[in-house]
Amino acid sequence: GRRRGRERHRGKKKRRCMMKARRNKLPTGFIDPSWVNKTYIVNNFIEVVDYLARTLTLNKSKFDTVLVPYCANFHWLLLVINMRTDHISVMDSRRKAQLKF
1 GRRRGRERHR GKKKRRCMMK ARRNKLPTGF IDPSWVNKTY IVNNFIEVVD YLARTLTLNK
61 SKFDTVLVPY CANFHWLLLV INMRTDHISV MDSRRKAQLK F
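Residue numbers for the sequence shown, in UniProt numbering: 1 to 101.
Right under this line is the structure:
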């Protein structure tokens, strides 16, 4: 049904981004923002956790950095995951200082 169609569309979109990164030999990965929005996470928590764990684990050696765009209350943030050091930086135009985890 609808859910499978959305999942297939997300998969195609993700593959296109990954293929473009490979073609351009970019050491940067990208997480589809439709997987990491509040509504989708609340309704599909286990699926989202599995997707993120699988994606980040499988791509740990392929990418230096993974970008995760996230929209919170109509404001976009960018999470930058350093795959070598396992640090996450939060880029937020509303914050004066950069957050690191």
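Even glycine gets a Cβ: it sits at the ideal position worked out from N, Cα and C. Treat the numbers as computed from the prediction; the structure is a model and nothing was measured.
Helix, strand or coil at F45 [DSSP, three-state] = Indexing the sequence shown from 1 puts residue 45 at position 45. Correct three-state label for F45: helix.
So does the region 85–97 actually touch the region 32–39, counting three or more Cβ pairs closer than 8 Å?
-> no
Provide the residue(s) that pair with P69 in DSSP beta bridges, ordered along the chain.
-> The sequence position of residue 69 within the sequence shown is 69, counting from 1. Answer by DSSP bridge pairing, in chain order: L78.
Give the secondary structure of N34 by DSSP, where H, G and I count as helix, E and B as strand, and everything else as coil.
-> Within the sequence shown, residue 34 is the residue found at index 34, counting from 1. Here the sequence assigns Ser to residue 34, which means Asn is not the residue at that position. Here S34 sits in helix by DSSP.
In whole angstroms, what is the alpha-carbon distance linking S61 and M83?
-> Position 61 of the sequence shown holds residue 61. Position 83 of the sequence shown holds residue 83. If you take the alpha carbons of S61 and M83, they lie about 8 Å apart.
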